[in-house]
Amino acid sequence: MMAKDQTVLFHSTVFGPIHSRRLGTSLGINLLPDDGKVCTFDCVYCEAGYNAQGTGTTGLPSLQRLEHDLEAKLKDMKAKGETLDVITFSGNGEPTLHPRFREVVEIVNRLRDEYFPEAKTSVLTNSTRIFNPDVAAALRLVDNNILKLDSAIDPTMRLIDNPTEKSFSIGRLIPALKQFAGEGIIQTMFLRGEHDGKRIDNTTPEEIDALIAAYKEIRPKSVMIYSIDRSTPEERLEKVSKEELAVIADKIRRAGIEVSF
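Just so we're aligned: the sequence shown equals residues 24 to 284 in our numbering.
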């Protein structure tokens, strides 16, 4: 069996706080349905499962619901003397698909400033919507604009990320990512395995060289690399060890790029 039914969804608009190994104590924002998945990628490693599970019935949260739920949570955390490092847009799919994404970011920034001004705001985006000027402008309003680039080689990217828009390509993506030079953070998932009878491996010398060339062209503030940490819908995937990630990170650093893992 090559794939399994997997549905690990966030059943609320605001969830956590949880501890992120990269971001610290994080309060999550889910701008997608709380009983389904909506995404422009269908990644083989997505902990929320494949898009085939459906979009659910609850729809996208309203601005009013988001503001109410987030303020209630921040008030409660403040009253309990809890700390908060970051508020992260992630959830059940691609957060920038919310049609009022910029207004959402503005609400979250305002409430953050009121209750936890020392906290950062972060967006985990798969980069498919950065061609939209409104989305790009909204991403510039957050502290950590974290943009996905899992491979700089088209066939590998398609195997790993499976974009729902077939015209999406590395040739279009790299120039678009350059608009965030010096401020965006590129995030790359490293993995090996098999999907649909095809071998996946973005850790080969060819893949690493292509990624480094892309990083140099994009000129991000930094690069985050990581590997599988949770259950995945595709069963035939292999986690890349911390030791191997360290070797990859060292090669990226030697190219003059700041990297964390």
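Backbone N, C-alpha and C define an ideal beta-carbon position, used for all residues, glycine too.
Keep in mind that this is a model prediction, so the values were computed, not measured.
A Cβ-Cβ contact shorter than 8 Å links Glu257 with His218. Leu97 sits in a helix when the DSSP states are folded into three classes. The beta carbon of Glu240 sits closer than 8 Å to those of Ile197 and Lys201, all from its chain and outside the five residues before and after it, given in chain order. When only Cα atoms are considered, Leu234 and Lys103 end up about 44 Å apart. For the 8 Å CB-CB criterion, Gly39 and Ser49 form a contact. For His218, the pairing in a beta bridge is given by DSSP as Lys221. Spatial neighbours of Asp177 in its own chain (CB-CB distance under 8 Å, excluding positions within 5 residues in sequence) are listed in chain order as Ser192, Ile193 and Gly194.
Taking a C-beta distance under 8 Å as the contact criterion, Thr148 and Pro84 do not qualify as a contact pair. Residue pairing from DSSP places Leu170 in a beta bridge opposite Thr148 and Ile209.
In the same chain as Arg242, and ignoring 5 residues on each side of it, the C-beta atoms closer than 8 Å to its own belong to Lys201, Ala204 and Gly205, in chain order. Contact between the region 91-105 and the region 67-78 is not established, with fewer than three Cβ pairs separated by less than 8 Å. Annotation: Phe64 to Pro186 spans about 4 Å, alpha carbon to alpha carbon. Between Leu89 and Glu129 a beta carbon distance of about 11 Å is seen, past the 8 Å cut, so the two are scored as non-contacting. Per DSSP, Val246 lies in no alpha helix (DSSP H); the unbroken beta strand (DSSP E) holding it starts and ends at Ser245 to Ser250. About 4 Å separates the Cβ atoms of Leu55 and Gly116, confirming a contact at the 8 Å cut-off.
Counting along the chain, no alpha helix (DSSP H) covers Ile52; the unbroken beta strand (DSSP E) around it starts and ends at Gly47 to Ile52.
In this structure, Arg152 sits near Val158, with a CB-CB distance shorter than 8 Å. With a contact defined as Cβ atoms closer than 8 Å, Val270 and Phe213 miss out at about 11 Å.
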